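Chemist: The following block contains the structure, expressed as structure tokens.
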Amino acid sequence: MLREYSCLTSGNPKILTKPGRYPGFPLRNWWARSWSGTTGLSDTVIEFQGLTVVQVSQNQAAVVSDPQNHIFVIKNSGFVAFAIEGTYDVLSIVDQTHLPGVVKDRLTGVTLGWTHEVKMKSKVSAREEREYVVATFLNIPASNCAILQRGDDLELLGAGQSVITNPSVTLRGLYTLGENQLEMPTKDIFTRDQVPVSLTIYLKWQLTEPLKLTTHGYNTPYDALRDKTQSILTQIVAHLDYSAMVKQRSLGPDNMEDGTDPSSAFLDALRTRAMDEMHEAALEYGIVLKDLAVIDRQFKGEIASTMDKLTTRALQAQVEAANVDRENSNKVKQEEGALAVSRIKAQSANTQADAEAYKIVAAAKAQAQRTKIEAEAQAEATRLAAEAEAEAVRIKARADAEVVDQFAREMELRRIDISRVKAYGAKTVFVPAEGPGAQMGNAMALGMAAGMGADARRA
Numbered sequence: 001m002l003r004e005y006s007c008l009t010s011g012n013p014k015i016l017t018k019p020g021r022y023p024g025f026p027l028r029n030w031w032a033r034s035w036s037g038t039t040g041l042s043d044t045v046i047e048f049q050g051l052t053v054v055q056v057s058q059n060q061a062a063v064v065s066d067p068q069n070h071i072f073v074i075k076n077s078g079f080v081a082f083a084i085e086g087t088y089d090v091l092s093i094v095d096q097t098h099l100p101g102v103v104k105d106r107l108t109g110v111t112l113g114w115t116h117e118v119k120m121k122s123k124v125s126a127r128e129e130r131e132y133v134v135a136t137f138l139n140i141p142a143s144n145c146a147i148l149q150r151g152d153d154l155e156l157l158g159a160g161q162s163v164i165t166n167p168s169v170t171l172r173g174l175y176t177l178g179e180n181q182l183e184m185p186t187k188d189i190f191t192r193d194q195v196p197v198s199l200t201i202y203l204k205w206q207l208t209e210p211l212k213l214t215t216h217g218y219n220t221p222y223d224a225l226r227d228k229t230q231s232i233l234t235q236i237v238a239h240l241d242y243s244a245m246v247k248q249r250s251l252g253p254d255n256m257e258d259g260t261d262p263s264s265a266f267l268d269a270l271r272t273r274a275m276d277e278m279h280e281a282a283l284e285y286g287i288v289l290k291d292l293a294v295i296d297r298q299f300k301g302e303i304a305s306t307m308d309k310l311t312t313r314a315l316q317a318q319v320e321a322a323n324v325d326r327e328n329s330n331k332v333k334q335e336e337g338a339l340a341v342s343r344i345k346a347q348s349a350n351t352q353a354d355a356e357a358y359k360i361v362a363a364a365k366a367q368a369q370r371t372k373i374e375a376e377a378q379a380e381a382t383r384l385a386a387e388a389e390a391e392a393v394r395i396k397a398r399a400d401a402e403v404v405d406q407f408a409r410e411m412e413l414r415r416i417d418i419s420r421v422k423a424y425g426a427k428t429v430f431v432p433a434e435g436p437g438a439q440m441g442n443a444m445a446l447g448m449a450a451g452m453g454a455d456a457r458r459a
């Protein structure tokens with residue numbers, strides 16, 4: 001080990017074994033240097049002549065390297081240092097709530113968290129310069145977590161803001177603890193009669209113990225479930241015939257057989273066994289399997305082409321039948337619409353006829369009521385006029401009866417005769433209605449009538 005030693009050549013050191021500051025020659029240049037300067041007091045980072053000042057606000061973090069290349073992080077506070085030997089370098093100021101790197105699940109697209117790596121440059125040779133990661137910031141949302149590895153030990157890191165500065169600690173992965181669902185196509189599987197078929201699987205799971213998953217060497221729950229699912233479905237399909245696969249479109253838990261098919265119990269048993277085995281296998285990896293179903297299958301080879309043709313014909317027949325049904329339905333709807341219109345028109349005509357009949361009846365009733373009222377009014381007027389006239393006659397008779405003078409009576413009789421002659425004319429012959437004169441008048445009237453009748457017969 002070298003001791004403190006220096007070799008001077010012409011007054012200048014060539015080999016130094018002790019770190020420090022050595023003035024250059026000539027000394028007058030060293031003493032003449034300027035030691036003053038002006039910087040912004042509110043700046044986040046202030047560096048001047050070996051003085052380093054860092055002040056970070058809330059949610060900010062400063063990554064600093066000391067003269068011995070030790071890395072430390074300052075959060076929500078300040079830092080002031082004066083380096084006599086070496087410098088304190090501020091590598092980065094990080095906003096912990098808005099990290100630029102987004103980590104998403106490559107299959108489900110769920111956001112697992114955000115990361116940011118702070119790097120420091122270092123020379124490895126005179127011409128080559130590299131960057132090395134000295135700090136890793138993590139922002140893990142709720143219901144998510146991270147797995148850290150240090151040697152053979154694994155540690156679970158919960159939700160929140162964290163930073164890793166220890167070079168022996170690495171980030172194994174980010175995981176979500178919520179429910180996930182995915183449709184996964186399988187590789188080709190052969191049935192019992194050697195017909196290749198490709199299945200589409202629906203998986204629904206929830207990761208509850210991420211440490212178990214990483215202990216088994218899997219990076220995602222999907223990777224752990226994929227191989228086991230493929231193996232179990234291969235065993236199931238290998239016991240099924242092509243005809244059973246054609247009839248049984250899906251192997252989900254919601255479409256059970258009605259029991260009439262002798263193979264339905266076997267299919268149900270396989271379905272139950274697949275779910276049980278997958279559930280047990282998933283628990284070993286810290287995963288709770290909540291649903292497993294085969295939602296589609298695709299046959300391949302000659303049988304697949306034949307089946308496609310038959311399926312195409314069946315679909316064409318179904319389309320034609322659907323078109324015919326639709327046309328019939330449209331015609332029926334049109335007839336029903338026309339019938340409804342006719343019914344509405346008939347109801348409208350009946351309503352109009354009822355209204356007109358009611359109008360006529362009301363008018364007749366009003367006319368009858370009017371005639372009745374007019375007749376009653378006329379009868380009442382006639383009665384009143386007769387009563388008035390009778391009353392006038394009675395008054396006049398009483399007045400005549402009260403006249404006792406004979407001359408006055410004769411004068412009244414003469415006035416009556418004058419009025420009668422004036423009313424009926426001067427040529428009118430007045431016949432007495434009582435006594436012999438009356439009988440003579442009747443005889444004259446009968447003779448006149450008989451003569452008129454004889455003249456009529458001769459004519």
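Residue numbers for the sequence shown follow the UniProt record's numbering, beginning at 1 and rising by one.
Quick reminder that beta carbons are idealized off the backbone N, C-alpha and C, glycines included.
Given the structure is predicted, the values throughout are model-derived calculations rather than measurements.
What separation, rounded to the nearest whole angstrom, lies between the Cα atoms of residue 151 and residue 158?
Modeler: Position 151 of the sequence shown, counting from 1, holds the residue named residue 151. Position 158 of the sequence shown, counting from 1, holds the residue named residue 158. So the alpha carbons of these two residues sit roughly 20 Å apart.
Chemist: Less than 8 Å between the CB atoms is what I'm expecting for residue 67 and residue 87, so what's the real figure, rounded?
Modeler: Along the sequence shown, one-based indexing puts residue 67 at 67. Along the sequence shown, one-based indexing puts residue 87 at 87. That pair is a contact at about 6 Å.
Chemist: Which of helix, strand or coil does DSSP assign to residue 112?
Modeler: Translated into positions along the sequence shown, residue 112 becomes position 112. DSSP places residue 112 in strand when its eight states are reduced to three.
Chemist: With a cut-off of 8 Å on the beta carbons, I'd call residue 224 and residue 233 a contact; round off their distance for me.
Modeler: As a working note, residue 224 is residue 224 in the sequence shown. As a working note, residue 233 is residue 233 in the sequence shown. No, residue 224 and residue 233 are not in contact; Cβ-Cβ is about 16 Å, not under 8 Å.
Chemist: Leaving out five residues on either side along the sequence, give the residues of the same chain with a beta carbon under 6 Å from the beta carbon of residue 274.
Modeler: Residue mapping note: residue 274 aligns to position 274 of the sequence shown, counting from 1. Contacts found: 232 and 236.
Chemist: Check whether the segment 160–178 and the segment 132–150 touch, using three or more Cβ-Cβ pairs below 8 Å as the test.
Modeler: They touch, by the three-pair rule.
Chemist: Excluding the 5 residues flanking residue 289 on each side, which residues of the same chain have their C-beta closer than 7 Å to its C-beta?
Modeler: As a first step, residue 289 is located in the sequence shown; it is residue number 289 there, counting from the start. Answer for residue 289: 205, 278, 279 and 282, listed in chain order.
Chemist: Output the distance between the C-alpha atoms of residue 250 and residue 311, rounded to the nearest integer angstrom.
Modeler: For this step, residue 250 is matched to residue 250 along the sequence shown. For this step, residue 311 is matched to residue 311 along the sequence shown. Caution is warranted here: a pLDDT of 47 is assigned to residue 250, below 50, making its placement in the model unreliable, and the coordinate value is therefore given only provisionally. If you take the alpha carbons of residue 250 and residue 311, they lie about 17 Å apart.
Chemist: Enumerate in chain order the residues of its own chain whose CB-to-CB distance from residue 172 is below 6 Å, with the five nearest sequence positions on each side excluded.
Modeler: On the sequence shown, residue 172 is found 172 positions in, with the first residue counted as 1. 147, 149 and 214.
Chemist: Considering residue 237, what are the terminal residues of the alpha helix (DSSP H) in which it resides?
Modeler: Stepping through the sequence shown from its first residue, residue 237 is reached at position 237. Element bounds for residue 237: 221–237.
Chemist: Could you please give me the residues that DSSP links to residue 71 through a beta bridge?
Modeler: Along the sequence shown, read from residue 1 onward, the residue named residue 71 stands at position 71. Paired residue(s): 65.
Chemist: Return the Cβ separation of residue 286 and residue 208 in integer angstroms, given the expectation that the two are a contact with Cβ distance under 8 Å.
Modeler: Here residue 286 refers to the residue found at position 286 of the sequence shown. Here residue 208 refers to the residue found at position 208 of the sequence shown. At roughly 6 Å, the Cβ-Cβ gap stays under 8 Å, so residue 286 and residue 208 are in contact.
Chemist: Do you know whose CA, among 70, 71 and 77, lies nearest residue 45's CA?
Modeler: Taking the sequence shown and counting its residues from 1, the one referred to as residue 45 is at position 45. The shortest C-alpha separation from residue 45 is found at 77.
Chemist: Helix, strand or coil: how does DSSP classify residue 162 here?
Modeler: Within the sequence shown, numbered from 1, the residue matching residue 162 stands at position 162. Strand at residue 162.
Chemist: State the Cα-Cα distance for the pair residue 49 and residue 93, rounded to the nearest angstrom.
Modeler: The residue you call residue 49 lines up with position 49 of the sequence shown. The residue you call residue 93 lines up with position 93 of the sequence shown. Distance between the alpha carbons of residue 49 and residue 93 is about 21 Å.
Chemist: Please report the Cβ distance between residue 196 and residue 300, rounded to the nearest whole angstrom; I am assuming they are in contact, meaning their Cβ atoms lie under 8 Å.
Modeler: Along the sequence shown, read from residue 1 onward, the residue named residue 196 stands at position 196. Along the sequence shown, read from residue 1 onward, the residue named residue 300 stands at position 300. So it is a contact: roughly 4 Å between Cβ atoms.
Chemist: If we call anything under 8 Å between Cβ atoms a contact, is residue 91 one with residue 118?
Modeler: Indexing the sequence shown from 1 puts residue 91 at position 91. Indexing the sequence shown from 1 puts residue 118 at position 118. Yes.
Chemist: If you follow the beta strand (DSSP E) that residue 129 is in, where does it begin and where does it stop?
Modeler: The residue given as residue 129 occupies position 129 in the sequence shown. First-last of the beta strand (DSSP E) with residue 129: 129–140.
Chemist: Could you tell me the distance, in whole angstroms, from the CA atom of residue 323 to the CA atom of residue 339?
Modeler: Position 323 of the sequence shown holds residue 323. Position 339 of the sequence shown holds residue 339. The straight-line gap from Cα to Cα measures roughly 24 Å.
Chemist: Using a Cβ-Cβ cut-off of 8 Å (strictly less than) and excluding sequence neighbours within five positions of residue 422, which residues of its own chain qualify?
Modeler: Residue numbering aside, residue 422 sits at position 422 when the sequence shown is read from its first letter. Here the set comprises nothing.
Chemist: Can you give the Cα-Cα distance for residue 73 and residue 218, rounded to whole angstroms?
Modeler: The sequence position of residue 73 within the sequence shown is 73, counting from 1. The sequence position of residue 218 within the sequence shown is 218, counting from 1. Each residue's Cα considered, the two are about 32 Å apart.
Chemist: Measure the beta-carbon distance from residue 82 to residue 64 and round it to whole angstroms, keeping in mind my assumption that it falls under 8 Å.
Modeler: As a working note, residue 82 is residue 82 in the sequence shown. As a working note, residue 64 is residue 64 in the sequence shown. So it is not a contact: roughly 14 Å between Cβ atoms.
Chemist: In chain order, what residues of the same chain have a beta carbon less than 8 Å from the beta carbon of residue 107, not counting five sequence neighbours either side?
Modeler: In the sequence shown, the residue the question calls residue 107 occupies position 107. Within the same chain, residue 107 has close Cβ partners 182, 220 and 222.
Chemist: Roughly how many angstroms separate the alpha carbons of residue 191 and residue 284, rounded to a whole number?
Modeler: By 1-based counting over the sequence shown, the position of residue 191 is 191. By 1-based counting over the sequence shown, the position of residue 284 is 284. When rounded, the distance between both Cα atoms is 29 Å.
Chemist: Would you give the residue range spanned by the alpha helix (DSSP H) that residue 213 belongs to?
Modeler: Position 213 of the sequence shown, counting from 1, holds the residue named residue 213. Start and end: 210–215.
Chemist: Looking only at its own chain, which residues have a Cβ that is under 7 Å from the Cβ of residue 240, when we skip the five neighbours before and after it?
Modeler: Residue 240 sits at position 240 when you count from the first residue of the sequence shown. Taken in chain order, the residues that qualify are 191 and 192.
Chemist: Any idea if residue 216 is buried or exposed, counting beta-carbon neighbours within 10 angstroms, 16 or more meaning buried?
Modeler: Position 216 of the sequence shown holds residue 216. So residue 216 ends up on the exposed side.
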